[in-house]
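**Student:** Supplied in structure tokens, the structure appears directly below.
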Amino acid sequence: MHKNQAVSRGMFRFLLANVNTGSRSCWDVLMATKSGHWSQGLLAAMNDVTAVVDSDDKLVVIKDKYPKAKYHFLVMPRRKIPSLKHVTKTDLDLLRHMQKKGEEIAERANKELQFRFGYHAVPSMSHLHMHVISQDFNSPFLKTKKHWNSFTTQYFVDSHSVIKNVEETGQWSPDVQDADKLLKQNLRCHVCKKEFDTIPSLKVHIVLHDVTKPSHTKS
DNA sequence: GTTCTAGAAC
DNA sequence: GTTCTAGAAC
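Under my numbering, think of the first position of the first sequence as 3, with each following residue one higher.
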């Protein structure tokens with residue numbers, strides 16, 4: 003029997019009984035049963051052929067399941083590194099390789115758009131992952147203040163600044179003290195810095211900006 | 001990370 | 001009445 007079909011008849015009845023009755027969804031129950039957890043989802047994604055767009059012996063690149071821009075990828079090391087807190091100087095080559103691969107993926111996806119390459123200060127998902135995200139932020143999955151601020155405030159830590167930090171101090175020493183406050187900051191356009199009261203009004207505004215690269219850097 | 005939804009804000 | 005956000009999820 004395939005691993006994924008290994009749900010007992012009793013469990014199936016239990017799942018059915020909980021459809022629309024409990025506060026947890028079927029999927030939550032199933033995930034808990036299989037001792038998986040949403041925060042471990044990137045492990046599964048690494049082996050999902052529909053998600054993987056590139057890989058080599060050191061890393062895997064996947065499409066973000068809920069892209070917050072036209073192009074949004076995650077670059078992850080094959081070796082298990084839980085988070086930035088665990089990287090040391092011995093990981094510098096890996097970090098540089100991840101950034102270089104990210105830049106290649108971005109160029110391959112769209113040569114015109116600006117991209118950023120970096121890490122969330124306090125990521126929700128386990129397993130080190132570098133975001134490769136185009137700066138249009140034009141996506142139906144971008145819905146909350148937390149989404150917006152996680153990519154447009156200092157909560158988003160550029161890859162090159164992580165690398166520089168590890169080179170100089172041997173670790174990632176976060177200068178981001180209160181990450182929670184950054185996520186609750188007022189909504190501000192990442193291009194012109196204009197403030198907005200709601201996500202929908204901000205989303206209407208940002209599509210008006212040109213987020214293509216300056217012409218002299220276009221190939 | 002997302003989904004769901006109560007109740008605030010409009 | 002509708003839009004929008006924020007917090008629970010055992």
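Glycine is no exception: its CB is placed at the ideal position from the N, C-alpha and C atoms.
1) In whole angstroms, what separates the C-alpha of I165 from that of M78?
2) Which first and last residues belong to the alpha helix (DSSP H) in which H162 is found?
3) Around the Cβ of Y157, are there at least 16 other Cβ atoms within 10 angstroms (buried) or fewer (exposed)?
4) DSSP has K65 in a bridge; who is on the other side?
5) By the three-class DSSP mapping on this structure, what secondary structure does S146 have?
6) Quick one: measure Cβ to Cβ for V51 and V63, integer angstroms, because I've assumed they're closer than 8 Å.
7) What residue range is occupied by the uninterrupted beta strand (DSSP E) comprising R118?
8) Give me whichever residues DSSP pairs with T214 in a beta bridge.
9) Within 10 angstroms of its Cβ, does W40 collect 16 or more other Cβ (buried), or is it exposed?
10) Under 6 Å Cβ to Cβ from P216, same chain only, skipping five residues before and after it: list those, please.
11) Mapping DSSP to helix, strand and coil, what is V134?
12) Is it the case that the Cβ atoms of K91 and E169 are separated by a distance below 9 Å?
13) How is the beta strand (DSSP E) around V209 delimited, first residue to last?
14) Apply the 10 Å Cβ neighbour rule to G104 and answer buried if 16 or more other Cβ atoms are within range, or exposed otherwise.
15) To the nearest angstrom, how far is it from the Cα of I83 to the Cα of D182?
16) Rounded to whole angstroms, what's the CA-CA distance from Y68 to T200? Just pull it up for me.
17) Could you please give me the residues that DSSP links to V54 through a beta bridge?
18) For S175, count the other beta carbons within 10 Å of its own beta carbon; 16 or more makes it buried, fewer makes it exposed. Which is it?
19) Nearest by alpha-carbon distance to S141: which of Y73, E197, S203 and F117 is it?
20) Could you give the distance in angstroms between the alpha-carbon of A108 and the alpha-carbon of S85?
21) By alpha-carbon positions, which one of G172, L184, D138 and S152 ends up nearest to V206?
22) Near R190, which residues of its chain fall below 6 Å by C-beta distance, leaving aside the five closest residues on each side in sequence?
**Tutor:** Let's see:
1) About 15 Å.
2) Segment S161 to T171, the alpha helix (DSSP H) holding H162.
3) Label assigned to Y157: buried.
4) For K65, which the question treats as bridged, DSSP gives the partners F75.
5) Residue identity differs from the one stated: residue 146 is Thr in this sequence, not Ser. T146: coil per DSSP, three-state reduction.
6) Incorrect: roughly 13 Å between the Cβ atoms, too far for contact.
7) Per DSSP, the continuous beta strand (DSSP E) segment holding R118 begins and ends at F117 to H122.
8) T214 is bridged to L115.
9) Exposed, because fewer than 16 other Cβ atoms sit within 10 Å of the Cβ of W40.
10) Nothing listed; no residue qualifies.
11) Look at V134 here: in three-state DSSP terms it is strand.
12) Yes, Cβ-Cβ distance for K91 and E169 is below 9 Å.
13) Note, V209: premise wrong, no beta strand (DSSP E); not H, not E.
14) Looking at its Cβ environment, which holds 16 or more other Cβ atoms inside 10 Å, G104 is buried.
15) Each residue's Cα considered, the two are about 23 Å apart.
16) Distance between the alpha carbons of Y68 and T200: 21 Å.
17) Beta-bridge pairing links V54 to I64.
18) Note on S175: under 16 other CB atoms within 10 angstroms of its CB, so exposed under the neighbour-count rule.
19) Ranking the options by Cα distance to S141, first place goes to Y73.
20) Their backbone Cα atoms lie some 23 Å apart in a straight line.
21) Minimum Cα distance to V206 is reached at D138.
22) Apart from sequence neighbours up to five positions away, the residues of its chain that approach R190 with a beta-carbon distance below 6 Å are E197, ordered along the chain.
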